[in-house]
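Beneath this line is the structure, given in structure tokens, with notes to follow.
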Amino acid sequence: MSRTLIIGGGIVGSCTAYFLAEHAEVVVLEKDPTYQYASTTLSAASIRTQFSLPQNVRMSLFGASFLEAMAERAGLIRRAYLVLATQQGEATLRANRDMQLAEGAEVALFESDHIAQRFPWLNAQDLTCATLGLKHEGWFDAYSLLRAVRSDAIQKGARYLHDEAVAIETTAGRATSVRTASGERFTADHIVIAAGPASGRVAALAGIPLPIEPRKRTAFMIRAPLDGSNMPLVFDTSGMWIRPEGDGFICGISPTADNDPHPGTDFNPDMDLLEDPLWPLLAHRIPALEQLRVQRAWAGHYDQCLLDHNAVIGPYPDIPNLIIASGFSGHGVQHGPATGRAVSELIRFGAYQTLDLTPFGYQRIRDNKPMPESVVY
Ligand SMILES: Cc1cc2nc3c(=O)[nH]c(=O)nc-3n(C[C@H](O)[C@H](O)[C@H](O)COP(=O)(O)OP(=O)(O)OC[C@H]3O[C@@H](n4cnc5c(N)ncnc54)[C@H](O)[C@@H]3O)c2cc1C
143 MSRTLIIGGG
153 IVGSCTAYFL
163 AEHAEVVVLE
173 KDPTYQYAST
183 TLSAASIRTQ
193 FSLPQNVRMS
203 LFGASFLEAM
213 AERAGLIRRA
223 YLVLATQQGE
233 ATLRANRDMQ
243 LAEGAEVALF
253 ESDHIAQRFP
263 WLNAQDLTCA
273 TLGLKHEGWF
283 DAYSLLRAVR
293 SDAIQKGARY
303 LHDEAVAIET
313 TAGRATSVRT
323 ASGERFTADH
333 IVIAAGPASG
343 RVAALAGIPL
353 PIEPRKRTAF
363 MIRAPLDGSN
373 MPLVFDTSGM
383 WIRPEGDGFI
393 CGISPTADND
403 PHPGTDFNPD
413 MDLLEDPLWP
423 LLAHRIPALE
433 QLRVQRAWAG
443 HYDQCLLDHN
453 AVIGPYPDIP
463 NLIIASGFSG
473 HGVQHGPATG
483 RAVSELIRFG
493 AYQTLDLTPF
503 GYQRIRDNKP
513 MPESVVY
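Following this note's numbering, the numbering of the sequence shown begins with 143 at its first residue and continues without gaps.
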């Protein structure tokens with residue numbers, strides 16, 4: 143039986159183990175089994191079909207069916223994303239929806255006069271249209287999902303080891319083994335890099351340039367005099383997002399590109415973002431949020447692909463048995479299942495069998511040809 147070594151046991155590494163464990167010997171190296179700083183457990187844990195690239199829609203549709211099968215264990219809440227557009231973004235939103243429908247997603251379109259009728263708590267004055275997912279969208283408990291996938295993978299035969307990869311050895315165009323912080327050396331037929339925000343650093347262990355770096359993102363938990371019981375996740379034209387969580391809400395916004403450095407080991411929430419620009423944007427779009435109260439805030443690291451905010455999935459061309467699965471830049475939990483299945487297909491059959499994820503391959507990094515996903519936040 144061939145052996146696959148997966149570096150990183152977050153949702154991407156664990157989904158890969160889940161789909162592969164019945165067909166190969168699988169060893170997952172995870173340096174922190176508490177997942178205290180993993181992107182997966184610090185995420186907003188939401189899933190949507192509203193992307194601009196068809197491949198991302200397809201991955202979400204599979205993610206949604208995977209979550210449906212784990213609904214109870216993952217605490218799935220079936221709820222929509224509401225994506226807003228002003229005149230400037232209207233044509234793109236309409237074109238995105240046409241593509242999403244063609245891919246099998248179910249997304250409704252609201253013209254400007256119907257937005258305020260349907261969502262009376264929303265200031266729709268400057269909006270020209272909006273799209274709302276009718277199915278396959280929602281949110282869940284990322285930690286519970288990870289625990290469920292990990293324990294199923296173990297039941298199928300995967301082994302998780304508490305250790306850190308510190309060197310990847312290659313010979314004649316093949317990755318042969320991984321050395322760990324505890325002094326072990328594991329040989330493998332395939333090695334998968336699924337180290338989340340640390341994937342660029344891990345790829346460097348094999349001498350591979352991979353533009354994936356951590357970028358800090360802060361989520362705020364707030365209370366406000368607003369009934370969120372039927373509210374969708376609102377994705378504003380400004381990049382601000384908010385969704386219900388328990389009897390309050392969570393919300394956030396990315397910092398501007400010129401204020402988004404490599405965070406190192408900094409996981410302190412960026413409280414300044416709340417005063418400017420987040421709160422004014424929230425209050426503009428949802429006037430009831432003028433009176434919000436902050437309950438707490440946390441920060442996690444995006445596994446940011448610096449080329450185009452899209453994942454890098456597939457073999458490194460010069461070392462074909464070294465497979466990269468990372469760089470999701472804010473949408474990796476929902477795409478973990480599709481990625482895990484795809485990577486397991488590459489390892490078992492040498493080619494994708496279900497979803498063709500070739501466009502996410504390393505070649506676009508080498509050619510410096512971005513494949514941008516525009517619906518990101
Ligand atoms: C605030 C925030 C909100 C987000 N919201 C969403 C959302 O709503 N929906 C969504 O789909 N995605 C969201 N994301 C993005 C998502 O969390 C990530 O894309 C996804 O979790 C990546 O999963 P991963 O398994 O690759 O990484 P991780 O979960 O980070 O797992 C990687 C693992 O690798 C381990 N590791 C690292 N280096 C080594 C090494 N050398 N040896 C051994 N182990 C190693 C780490 O300890 C870690 O556990 C959000 C992220 C953040 C930060």
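Where a beta carbon is used, it is the ideal one built from N, C-alpha and C, also for glycine.
8 Å Cβ cutoff met for residue 185 and residue 284: yes
Any non-hydrogen atom of ligand 1 within 7 Å of residue 182 CB: yes
Separation of residue 449 from residue 428, as counted between CA atoms: 34 Å
Euclidean distance between Cα positions of residue 306 and residue 493: 29 Å
DSSP beta-bridge partners of residue 302: 170
Any 3 or more C-beta pairs closer than 8 Å across the stretch 269-288 and the stretch 175-184: yes
DSSP-derived helix/strand/coil call for residue 329: strand
One or two residues paired with residue 376 in a DSSP bridge: 224 and 384
Three-pair Cβ contact test at 8 Å for the stretch 313-327 versus the stretch 247-260: no
C-alpha distance - residue 253 paired with residue 229, whole-angstrom precision: 12 Å
At least three beta-carbon pairs within less than 8 Å, the stretch 433-440 to the stretch 353-366: yes
Rounded C-alpha distance that separates residue 265 from residue 504: 43 Å
Selection from 303, 473, 354 and 502 that minimises the alpha carbon distance to residue 485: 502
Among 482, 274 and 390, the one whose alpha carbon lies nearest that of residue 430: 390
Backbone CA spacing between residue 257 and residue 269 [nearest angstrom]: 8 Å
Ligand 1 heavy atom lying under 7 Å from the CB of residue 494: no
Rounded straight-line distance, which links the Cα of residue 163 to that of residue 217: 25 Å
Limits of the alpha helix (DSSP H) - the one that residue 508 falls within: 505-508
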